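Okay, so here's the structure we're looking at.
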Amino acid sequence: MPRKLIWLLSLLTLILLAGCSAAASSGKATGDSDPWAFVPTHDTHTDHANIIQGPFDSGPEVTQKCLECHPDAAEQVMHTTHWTWEGDPVTVPWRDEPVTIGKKTQINNFCISAQGNEKKCTTCHTGYGWADDTYDFSNESGVDCLACHADAALYNKGEYGLPAETVDLTAAAQSVRAPTREECGKCHFDGGGGNGVKHGDLDESLYFPSENIDVHMG
2 MPRKLIWLLS
12 LLTLILLAGC
22 SAAASSGKAT
32 GDSDPWAFVP
42 THDTHTDHAN
52 IIQGPFDSGP
62 EVTQKCLECH
72 PDAAEQVMHT
82 THWTWEGDPV
92 TVPWRDEPVT
102 IGKKTQINNF
112 CISAQGNEKK
122 CTTCHTGYGW
132 ADDTYDFSNE
142 SGVDCLACHA
152 DAALYNKGEY
162 GLPAETVDLT
172 AAAQSVRAPT
182 REECGKCHFD
192 GGGGNGVKHG
202 DLDESLYFPS
212 ENIDVHMG
């Protein structure tokens with residue numbers, strides 16, 4: 002092959018490689034320059050401080066107030082595993098009828114003991130008063146809107162999922178907002194009775210994580 006042709010092919014190769022490298026670098030710089038530009042925006046939550054008026058004597062009274070403006074909210078919650086604590090029915094070879102799997106029907110061999118501990122476990126149920134197997138899962142007033150939407154600093158649940166005695170229900174109801182990691186973390190970070198006890202990948206370090214802990218949340 003003539004030397005001039007070899008030089009020409011080499012030059013074209015270098016030009017092509019340089020162009021590809023520049024294009025890749027340009028694309029990367031654009032993507033990394035402002036990662037927040039790719040985060041979806043959400044509507045600002047309506048301030049309820051002047052909308053909700055108390056006083057409220059019970060959690061279900063708060064729920065009834067919520068349903069005046071959000072009539073479908075309770076029914077929507079009732080179709081989620083946060084409410085049912087069980088998954089969709091499945092068929093298994095050793096049972097004649099379909100079965101469901103979830104916290105409602107399983108024995109937790111991590112937290113197992115000789116007696117049940119419903120009064121503590123159901124503090125993380127999105128409902129009020131689940132004490133035994135007579136609990137009415139069809140009662141819309143039993144849905145606890147505050148469990149996910151009230152400011153975590155103003156609301157916490159006591160035994161059987163009822164509001165703790167120290168809670169100011171009016172203040173909690175007026176604080177409702179789109180759920181944040183503080184509300185979710187109350188149950189998901191402290192499952193099993195303590196920080197990081199039950200879930201190896203969920204703990205209180207995720208409240209305000211750095212990029213080194215969680216690149217998606219940091």
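My numbering numbers the first residue of the sequence shown as 2 and each following residue consecutively.
Note that beta-carbon positions come from the ideal geometry of N, C-alpha and C, so glycine has one too.
Computed from a predicted structure; not experimentally measured.
- Message: Rounded to whole angstroms, what is the Cα-Cα separation between residue 137 and residue 85?
- Response: The straight-line gap from Cα to Cα measures roughly 11 Å.
- Task: Find the nearest neighbour of residue 183 within the set 135, 147 and 169, judged by alpha-carbon distance.
- Result: Nearest in C-alpha terms to residue 183, of all of 135, 147 and 169, is 147.
- Message: Using C-beta distances below 7 Å, list every residue in its chain close to residue 50, excluding the 5 sequence neighbours before and after it, in chain order.
- Response: Here the set comprises 175.
- Cross-strand partners of residue 128 (DSSP beta bridge): BP columns for residue 128 point to 144.
- Tell me where the alpha helix (DSSP H) around residue 189 begins and ends. Counting along the chain, the alpha helix (DSSP H) containing residue 189 begins and ends at 182-189.
- Message: Can you check which of these residues, 98, 59, 207 and 17, is closest to residue 172 by C-alpha distance?
- Response: Answer by Cα proximity: 59.
- Item | Proximity winner among 178, 199 and 55, relative to residue 44 (alpha-carbon distances) | Closest by alpha carbon: 178.
- residue 104 by DSSP, collapsed to three states: which one? Residue 104 falls in the coil class under three-state DSSP.
- Which class does residue 177 belong to by DSSP, given the choice of helix, strand or coil? In the structure shown, residue 177 sits in coil (DSSP, three-state: anything other than H, G, I, E or B).
- Query: CA-CA distance, residue 124 and residue 188?
  - Reply: Approximately 9 Å between the Cα atoms of the pair.
- Query: What do you get for residue 37, buried or exposed, if any count of 16 or more other CB atoms within 10 angstroms of its CB means buried?
  - Reply: With fewer than 16 other Cβ atoms within 10 Å, it is exposed.
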